[in-house]
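Read through the structure below, which is laid out as structure tokens, and then see the notes.
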Amino acid sequence: MEKDERKVKILIAKPGLDGHDRGAKVVARALRDSGFEVIYTGLHQSLDQIVHAAMEEDVDGIGLSILSGAHMYIFPTLIEKLKEQGLDDIVVFGGGIIPTDDIPKLKEAGVKQIFLPGTALEEIIEWVRENVKPRAVSL
Amino acid sequence: MGLVDQVLKGDKKAAARIMRLVEDDLPEAREALKRLYPYTGRAYIIGVTGPPGAGKSSLVDLLVEWFRKRGEGVGVVAVDPTSPFSGGAILGDRIRMQRHSTDPGVFIKSLATRGHLGGLSKATDDVIQVMDAMGKDVIMVETVGVGQDEVDIVKTADTTMLVTVPGLGDDIQAIKAGILEIADIFVVNKGDKPEADKTVRELEMMLDMSTPREDGWKPPIIKVSAVKGEGIEELMEALKTHRKFLETSGRFESYRKDRVVCTFENLLRDKLFQTAIAKLKGNGSYERLISEIFNKRKDPYSVVERLSCQCELESKRE
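Top line first, the protein sequences correspond to chains A and B.
Count the first sequence with our numbering and you get residues 2 to 140, in order.
Count the second sequence with our numbering and you get residues 2 to 319, in order.
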């Protein structure tokens, strides 16, 4: 297999307490249909669970769906925890109910992209294709 | 410290990185596997197979808990199907096991089949090697949801568990060839359903009718409810009994030898094939041979015979 044929792996996760995962599933499915390997971990994930899953599955990107309003805590904390584990080369993106004013702050904290409700699936897929690549490994 | 040394110390991140190399079939993977090889062959490997929705992941989740209570390090390899159209996959087996993901004694790895038939992915055996080398005592391998004929797991696992559920078919389904023949332990999950006893009886009847196995093992049928946590103690007992049987009958050893034969032959086949193709493409004869065969000026059988003779001559010269 050529290097450029490596599969891109994405973890789609629902952190915290909100129980609506339709959006996350729709995105997971669209990524699958575009040739990505998607690891879906289900509802009510703690940030430590997400970090460990990302580590064990050696993913290239993490997409979080947050509808609870806790995004200003969840995203920066996740990025901090990834850094602690030496996983800061994983691309973090997300979507959900997020006020536009918060987006620059989240980007400053290290979130690569935020997708708001109503974003076309094609746009998300295109962005992931452009911005999430297999992470380099050396022995 | 390099990734290989970190794996030998049990490091999760390093192990995951090497597994990724293995999955993507990169040249570095071979180098890592070469160095890990001396440290493999110690883990007890349990295969978990059965139809989609039978509750394989939930059962594995409970077994992880039990093995952890006994202080054993556990690895889980969960295989899910790749889409034949897009090449993508949704790997969702972790959903049932996520509570173990932060336990340093547990390693869960999802694999997509990536076009491999037989219920496992091509990388499965090598991923198991990495888990083995990182010191896991027990490795559970969950196949994709299977039908009747995906029996690769039997070559990979020491003990193969077939998980089934009530209401999947009549007693004729139970006497067909294939997957029912490979089970060392039958698990009837969702045992709290009223039809569960009927399923147990049908399996019993199937086993009564079949000729005794060559190895003398009589597969037990265990009724469990993964959701309610019932029957797990009996299942753990059955696993223990089968493991003891493998050890006292010398099969633990002979299965490992079979696996070495399998690995060796697969590697040899791949390598010889790749070498031959590279050579033909390198000297430009590949396209010519293909078009000659296509135009019926040559037949593929003679061409391959002649090529393999050439290889033999060359190796004699060496």
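Every residue gets a Cβ at the ideal spot worked out from N, C-alpha and C, and that includes glycine.
Output yes or no for whether 8 Å exceeds the beta carbon distance between residue i and residue j.
i, j, result
"Asp61 of chain A", "Arg136 of chain A", "yes"
"Ile63 of chain A", "Ile51 of chain A", "yes"
"Val164 of chain B", "Val128 of chain B", "no"
"Gly147 of chain A", "Thr120 of chain A", "This structure cannot speak to residue 147 of chain A, because chain A is shown only from 2 to 140."
"Gly11 of chain B", "Gly148 of chain B", "no"
"Ser69 of chain A", "Gly36 of chain A", "no"
"Thr200 of chain B", "Pro167 of chain B", "yes"
"Ala184 of chain B", "Leu60 of chain B", "no"
"Thr41 of chain B", "Asp133 of chain B", "yes"
"Gly87 of chain A", "Lys13 of chain B", "no"
In angstroms with no decimal places, state the Cα-to-Cα distance between residue i and residue j.
i, j, result
"Ser102 of chain B", "His53 of chain A", "6 Å"
"Glu131 of chain A", "Glu38 of chain A", "16 Å"
"Arg18 of chain B", "Val80 of chain B", "18 Å"
"Leu107 of chain A", "Met73 of chain A", "7 Å"
"Asp94 of chain B", "Asp49 of chain A", "18 Å"
"Ala113 of chain B", "Pro195 of chain B", "35 Å"
"Asp5 of chain A", "Met207 of chain B", "Low per-residue confidence applies at Asp5 of chain A: pLDDT is 49, beneath 50, and the placement is therefore not dependable enough to give any value."
"Ser58 of chain B", "Phe116 of chain A", "32 Å"
"Lys35 of chain B", "Val131 of chain B", "11 Å"
"Ala239 of chain B", "Leu12 of chain A", "36 Å"
"Pro301 of chain B", "Ile294 of chain B", "6 Å"
"Ile186 of chain B", "Met56 of chain A", "33 Å"
"Gln7 of chain B", "Lys15 of chain A", "31 Å"
"Thr249 of chain B", "Gln99 of chain B", "36 Å"
"Leu140 of chain A", "Lys10 of chain A", "20 Å"
"Gly56 of chain B", "Pro105 of chain A", "44 Å"
"Thr78 of chain A", "Gly20 of chain A", "20 Å"
"Ser309 of chain B", "Leu121 of chain B", "31 Å"
"Gly54 of chain B", "Gly146 of chain B", "7 Å"
"Glu203 of chain B", "Phe246 of chain B", "25 Å"
"Val5 of chain B", "Phe108 of chain B", "17 Å"
"Val129 of chain A", "Ile91 of chain B", "16 Å"
"Ile91 of chain A", "Gly89 of chain B", "19 Å"
"Pro97 of chain B", "Leu63 of chain B", "The identity of residue 97 of chain B in the sequence shown is Arg, whereas the question assumes Pro. So the two alpha carbons sit approximately 10 Å from each other."
"Ile47 of chain B", "Val139 of chain B", "7 Å"
"Glu143 of chain B", "Ser66 of chain A", "28 Å"
"Glu32 of chain B", "Tyr38 of chain B", "10 Å"
"Ser84 of chain B", "Lys241 of chain B", "37 Å"
"Cys312 of chain B", "Leu268 of chain B", "18 Å"
"Asp159 of chain B", "Pro82 of chain B", "23 Å"
"Met20 of chain B", "Ala124 of chain B", "8 Å"
"Val75 of chain B", "Val138 of chain A", "25 Å"
"Gly251 of chain B", "Val188 of chain B", "25 Å"
"His45 of chain A", "Ala25 of chain A", "13 Å"
"Ala1 of chain A", "Arg307 of chain B", "A query on residue 1 of chain A cannot be resolved here, the shown segment of chain A reaching from 2 to 140 and no further."
Kindly list, in the order they appear in chain A, the residues whose Cβ is closer than 9 Å to that of residue i.
i, result
"Phe108 of chain B", "Glu57"
"Ala33 of chain B", "Leu140"
"Glu66 of chain B", "The premise fails here: Glu66 of chain B is roughly 16 Å from chain A at the closest Cβ pair, so nothing lies under 9 Å."
"Lys14 of chain B", "Met56, Glu57, Asp59, Gln86, Gly87, Leu88"
Since residue i meets chain B, which of its residues come closer than 7 Å, beta carbon to beta carbon?
i, result
"Ile40 of chain A", "Leu92, Arg95, Ser111"
"His53 of chain A", "Ser102, Thr103"
"Ser36 of chain A", "The residue you asked about is not Ser; residue 36 of chain A is Gly in the sequence shown. Those are Ser87, Gly88, Gly89, listed as they occur along chain B."
"Arg7 of chain A", "Asp25"
"Arg33 of chain A", "Ser84, Ser87, Gly89, Ala90, Ile91"
At 8 Å on the CB atoms, spell out the chain A contacts of residue i, in chain order.
i, result
"Ala17 of chain B", "Met56, Glu57, Glu58, Asp59"
"Gly3 of chain B", "Leu140"
Using a C-beta to C-beta distance shorter than 9 Å, which residues of chain B count as neighbours of residue i?
i, result
"Gly43 of chain A", "Gly93, Arg95, Ile96, Arg97, Gln99"
"Ala25 of chain A", "In chain order: nothing, as chain B lies at least about 11 Å away."
"Asp49 of chain A", "Ser102, Thr103"
So with CB distances below 7 Å, who are the chain A contacts of residue i?
i, result
"Arg21 of chain B", "Asp59, Val138"
Please tell me whether residue i has its Cβ less than 8 Å away from any Cβ of chain D.
i, result
"Ala29 of chain A", "Although the question refers to chain D, the structure presented lacks it and instead comprises the protein chains A and B."
Worksheet item: Taking any Cβ of chain B, which residues in the segment 109–128 of chain A have a Cβ under 9 Å from it, in chain order?
Response: Taking 9 Å as the Cβ-Cβ cut-off against chain B, none of the residues of the segment 109–128 of chain A qualify.
Worksheet item: Quick one: any contact between the segment 148–159 of chain B and the segment 62–71 of chain B, if contact means 3 or more CB pairs under 8 Å?
Response: Below 8 Å, too few C-beta pairs join the segment 148–159 of chain B and the segment 62–71 of chain B to call them touching: fewer than three.
Discussion item. At a CB distance below 7 Å, what residues from the segment 84–95 of chain B approach chain A? Give them in sequence order.
Written reply: Correct list: Ser84, Ser87, Gly88, Gly89, Ala90, Ile91, Leu92, Gly93, Arg95.
Worksheet item: What residues in the segment 74–94 of chain A have a beta carbon less than 9 Å from any beta carbon of chain B?
Response: Within the segment 74–94 of chain A, the residues whose Cβ lies closer than 9 Å to any Cβ of chain B are, in chain order, Gln86, Gly87, Leu88.
Worksheet entry | Interface residues of the segment 139–165 of chain B facing chain A [CB-CB below 8 Å] | Answer set for the segment 139–165 of chain B: empty.
Worksheet item: Listed in chain order, which residues of the segment 27–58 of chain B have Cβ atoms closer than 8 Å to some Cβ of chain A?
Response: The segment 27–58 of chain B vs chain A, Cβ under 8 Å: Leu27, Glu29, Glu32, Ala33.
Item to complete: Please name the residues in the segment 259–283 of chain B whose beta-carbon is closer than 8 Å to at least one beta-carbon of chain A, in chain order.
Response: Of all residues in the segment 259–283 of chain B, none is placed with a Cβ closer than 8 Å to any Cβ belonging to chain A.
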